[in-house]
Amino acid sequence: MPDKDAETILECDAVWKIFGDGAASALRNLGPDPSDDDLKNRKLIAGVRHASLKVKKGEIFIIMGLSGSGKSTLLRCMTGLHDLTGGRVLIDGVNIADLSDRDLVELRRRKISMVFQDFALLPHLTVLGNVAFPLRVQGADRRTREEAARKMIALVGLEGRETYYPDELSGGQQQRVGIARSLTTQPEVWFLDEPFSALDPLIRQDMQSEFLRLQGLLKKTIVFVTHDFDEAVRLADRMAVMKDGRVVQIGKPEELILDPADDYVTKFTRDIPKEKVLRVRSIMTAGGTPTNDMAVPAEARLVEVAADVIAGEGHHPVLDASGALLGTLHRRDLAAYLI
Amino acid sequence: MTALARYTVAVPGVPSLRLHHLALILALAASWALAFLDRGNPLVVVPQGWIFDLATPLTDAMKYLAREFQIGPVRFSSITRSVGWLISQPFELLAGLLADGFTFYRQDAPPFHIPALPWIGTTGVFCLVAWWYASSRLALWTGLCFAAFAVFGLWESAMLTLASVIIAVILGGFGGVVLGIWGYRKPWLNAALQPLYDTMQTLPLFSYLVPMILFFGFGPVAALMATIVFALPPMARVTTEALHALPRSVSEFGEIAGCSPFQLTWLVRVPAARNKLLLGVNQVIMLSLAVVIVASLIGAGGLGGDVLKALKSMRMGDAMASGLAITLIAITLDRLSYAIATKRPAHTATDQPWIARHALPLGCAAILAVAILISVFVPAMHQWPDELVISLGRFGNGAVQWIGATFDTQIDAVRDTAIVYLLKPVKIFFLTVPWASFVIVIGALGWILGGWRLAMLGIAIFVAIALLGYWKKAMMSLYLVSMSVVVAMIIGTLLGLWARLSDRAERVLIAFVDVLQTLPTFVYLIPVVMLFSIGDFPAFVAIILYGIAPAIRYTSAGIRGVRLNLVEGAIMSGCSRLQLLTQVKLPLALPTILLGLNQVVMMSFGMLVITALVGTRGLEETTLVAIARVAAGDGLLAGLGIAGMAIVFDRYLKALNRKIAFHLGVPIPR
Ligand SMILES: Nc1ncnc2c1ncn2[C@@H]1O[C@H](COP(=O)(O)OP(=O)(O)O)[C@@H](O)[C@H]1O
Ligand SMILES: [Mg+2]
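Top line first, the protein sequences correspond to chains C and D.
If you count by my numbering, then the first sequence holds residues 1 to 339, one letter each, in order.
If you count by my numbering, then the second sequence holds residues 1001 to 1670, one letter each, in order.
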């Protein structure tokens, strides 16, 4: 969990992306918020509309939304794969639109990397060749890059497969290669576009755990796109929900569940097992007086403490990581979230 | 987008059905009425006064370009000569290695000669490559073929042809890839290049040769240049297509990894598309072989030259032997390049020793070293001794004479019947139809099939042919092509249907079709000339043989492709076998069969062009004669005439196919 006031490393400020010829002039002429009909008349399609968000150093930031809601487009705006139609994207305070071609290449080589839904492995290279590829592009010599690549391959658990070609691997293994490849350059910001969506449900869960394990080791800043709310809730520190190109709500998963901004968000949150998402801190009675000494940690998820709280009588003390008393929790408070 | 939505879109700009009938009836009536005018009428035969002589100024312009034109202080001719010199260098090197060695002339000493590689060495290398990429079976086949070249005294010619093909494919293939990448990056350029490619791919080969003689002089370099130019468009097309077929994310990955534009192209996109590219190379190899053979007309030498010389002096057996060698080379190159294109990389441990990682080149070098060593002691292993050469030619000449003497009457009977009852009447029809009638019908058909744009294309091309003074020649070409197409379609469809009856029949036929499709056009001329001498009839037979392959293949594939549930439905509703075929399968397979027809037409035009060598009299003859007269303009215009007609038929058939597929509600096959 990143610090509350950790510095912002990536910022989107009123980002617009409209596809089609003459998009920029259309945005200028049609006013600050053109309607779909106006755009359609000019044969334009809006991918992202006025999206603003800030990603803090070291957090897992998830962009969630139905398919076609503009998640991938927003992600591609952040990496400079798309030129913006309007607004700004700042990485480390630098507007990427201001970068020269060479500086953009340099930024991509050093600071950012990306994992793709369809893996995007190069079919003509072995696992080793694929993972070493980003370093090869930078001109690293064979020994250096292969050494780095082997480390990454070991990190994702694919030792022994170095000489395989992508089409000899299962989907899950291929995405492990994709992940290893995106980590060889030790990027600061790691973009993942639906990395697990093409995988079977069981494998997907494995990969999610694996992903959390890696993040525990590496502590990257992560922007992760998914259409799966369960996945988002499981992985997110904070998340943004998108609809029709707009960001409709940004917050911690608990905030979204406890206080959805509109019906669209509510629909996602309704079927989520709340006890697995919510933390004690968000439902406790702040400042109450405990009546027993069976303390519960504030950052624990409800499901983890449910048995103790239900078994105990009265108000349990809620303590933060340093042991300070934050409030109390009664089993009545819990009941609403367990049914 | 669902599959359904994609296929059931209306064909825009096509008028409604009833108007169609009216238009067709009117057009036919008008053209029929024209037939009653006498031949002096300008609508029947194009009057001399209307004809515009573009050929002469065009020839003059090209001659000027080739001889006097200057860019600043530099003569255009010196540029072309330097390009020619540059391209000839790798060719000379390879030809020297494989075929005739290197001779250095010295001032006051006898010339110094380094011989070519020993034949067992070259054979061994090709065997090793075949074994490495394909199988021991292909290696054995390759070995036998190459040994046959040596034993039958065809070694030098075969190697010269091989060297030409290899160099043309390397240069043309590379140029095509670069052009294709360019087209991929700039969509407007690609759109602009498409009609050019279409024309280049249908332009008769002979039309290329005259400008090549002008720019590069008579000889192997001009032939090589013609081959390279010919190979460019298909390779460029394959490249653009292959790059577009890549998943978008592959390019995106390259960008995110921080590739420079150069790296993005050459480290990411091109290698990622390599399988499709290599299949394109396979096509280009076969095409280049066909061209290299025909280019012997302008001095390419090699096997094509041998055939040509033999045909000219009526040594049919020798022509057969060289033709057979061309066939063997074609099959070997096809199988070998296909194997290389589809070979899966084996996984090898990365920390293998250097020797293991370079096993193939080292193996080749070892074979050559051993071969050279052996040939020092056994000269016959270096160059097959002349006195041991088995002359297939002498044997073949005898055989041909025997066939001629024995079956003379039967052969003549077949030929004369076909000419009297089939070819002649159709020819007379084509030659007497008033040109205006023809144009009206073409226009009406075009409008019905694809709207006014298509009609304009058809009308424009045929009017241009008329006004440039090529009408009669064009009709001679068209009659031959149409007759051959009709007959090839009938026989091919029947054979295709027969192939669906039993698996064995299908296997035999497909093997036959495979061989037919690998042979260079030129080879088809040899047996038909042998049997039927020269004229329209042997040309007719050659075109049918060459064009029949797609008719068989597409019929069989079309019937096989009819969806099983439709067939089962028909059986359940009580169709007999014959009903099933005629009422269900054939109609549903029609779009695919028509696609076959389209290919038959294109291939027939391709073969037509070559039949000028056996004495046909249409536009193709003009392109051939233009070579001897170095009349570039005439050759080019006549060639464009053929290309134009081929393109019109291609577009018309495609439009027809779209319509039929639309009516049947089946996808348009590709
Ligand atoms: N290159 C493009 N050209 C035109 N429209 C596009 C392009 N990419 C995406 N779009 C459109 O933008 C919208 C958002 O797409 P996308 O960002 O891919 O959605 P998501 O990733 O959330 O499924 C969609 O309506 C899509 O059709
Ligand atoms: Mg997406």
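Glycine included, every Cβ here is placed at the ideal spot set by N, Cα and C.
Proximity of the segment 122-132 of chain C to the segment 140-153 of chain C meets the contact definition, three or more beta-carbon pairs being nearer than 8 Å.
Restricting attention to C:Thr291, C:Leu212, C:Gly139, the CA atom closest to the CA of Gly1258 (chain D) is found in C:Gly139. With a threshold of 8 Å between beta carbons, Met207 (chain C) makes no contact with chain D.
At a cut-off of 8 Å, the C-beta of Phe133 (chain C) has a neighbouring C-beta in chain D. Relative to ligand 1, Phe19 (chain C) has its C-beta within less than 7 Å of a heavy atom. Taking 9 Å as the cut-off between beta carbons, none of the residues of the segment 1353-1371 of chain D comes near chain C. Listed along chain C are Arg76, Leu81, Met114, Phe116, Ala120, each with a C-beta nearer than 8 Å to that of Glu1252 (chain D). At least one CB atom of chain D sits nearer than 8 Å to the CB of Arg108 (chain C). In the DSSP assignment, Asp13 (chain C) is bridged to C:Arg88. Taking the Cα positions, Asn1397 (chain D) is about 33 Å away from Val1600 (chain D). For Thr1616 (chain D), there is no enclosing beta strand (DSSP E), since its DSSP letter is neither H nor E. For Ala1226 (chain D), the closest C-alpha among the options D:Ile1285, D:Thr1142, D:Phe1662, D:Val1291 is that of D:Val1291. Between Gly172 (chain C) and Ile203 (chain C) the beta-carbon gap is near 4 Å, inside 8 Å, which marks them as a contact. Between Arg1269 (chain D) and Ala1029 (chain D), the alpha-carbon positions lie close to 57 Å from each other. Proximity of the segment 261-276 of chain C to the segment 293-302 of chain C meets the contact definition, three or more beta-carbon pairs being nearer than 8 Å.
Taking all protein chains shown into account, Gly1665 (chain D) has fewer than 16 neighbouring C-beta atoms within 10 Å of its C-beta and is therefore exposed. Contacts between Pro1247 (chain D) and chain C, judged by CB atoms closer than 7 Å, involve Asp118, Ala120 in chain order. Going by beta carbons, Ile1552 (chain D) and Val1481 (chain D) fall outside the 8 Å limit. Of the candidates D:Ile1051, D:Ile1340, D:Ala1033, D:Ile1051 places its Cα closest to the Cα of Leu1468 (chain D). The secondary-structure analysis by DSSP pairs Met64 (chain C) across a beta bridge with C:Thr226, C:Val241. If you look at Pro1385 (chain D), you'll find it isn't in any alpha helix (DSSP H); DSSP assigns it neither H nor E.
Taking the C-beta atoms as reference points, Met239 (chain C) is found nearer than 8 Å to Ile62 (chain C).
Listed by position in the chain, the residues whose beta carbon lies within less than 7 Å of some heavy atom of ligand 2 are C:Ser67, C:Lys71, C:Ser72, C:Gln117, C:Asp193, C:Glu194, C:Val225. Under the Cβ distance rule, Val1268 (chain D) counts among the residues neighbouring chain C, one pair being separated by less than 8 Å. If you look at His1244 (chain D), you'll find it in the alpha helix (DSSP H) that goes 1220-1245. DSSP places Ser52 (chain C) inside the beta strand (DSSP E), whose first and last residues are 45-56. Inclusion of Arg109 (chain C) and Thr185 (chain C) in the CB contact set at 8 Å is warranted, their separation being smaller than that value.
Proximity to Phe1104 (chain D) across D:Leu1024, D:Pro1115, D:Leu1034 peaks at D:Pro1115, based on C-alpha coordinates. Under the Cβ criterion of 8 Å, Pro123 (chain C) is counted among the residues facing chain D. From the listed residues D:Leu1494, D:Tyr1470, D:Phe1662, D:Phe1532, the smallest Cα separation to Gly1633 (chain D) is found for D:Tyr1470. DSSP places Gly139 (chain C) in the coil class of the three-state scheme, outside both helix and strand. Taken in chain order, the segment 1422-1489 of chain D contains no complete beta strand (DSSP E) segment of 3 residues or longer. Thr184 (chain C) sits in coil when the DSSP states are folded into three classes, being neither helix nor strand.
Residue environment: Tyr1546 (chain D) is assigned as buried (16 or more neighbouring CB atoms within 10 Å of its CB, all protein chains considered).
Around the beta carbon of Met1456 (chain D), a 10 Å sphere encloses fewer than 16 other beta carbons of the protein chains shown; the residue is thus reported as exposed.
Relative to ligand 1, Ser69 (chain C) has its C-beta within less than 7 Å of a heavy atom.
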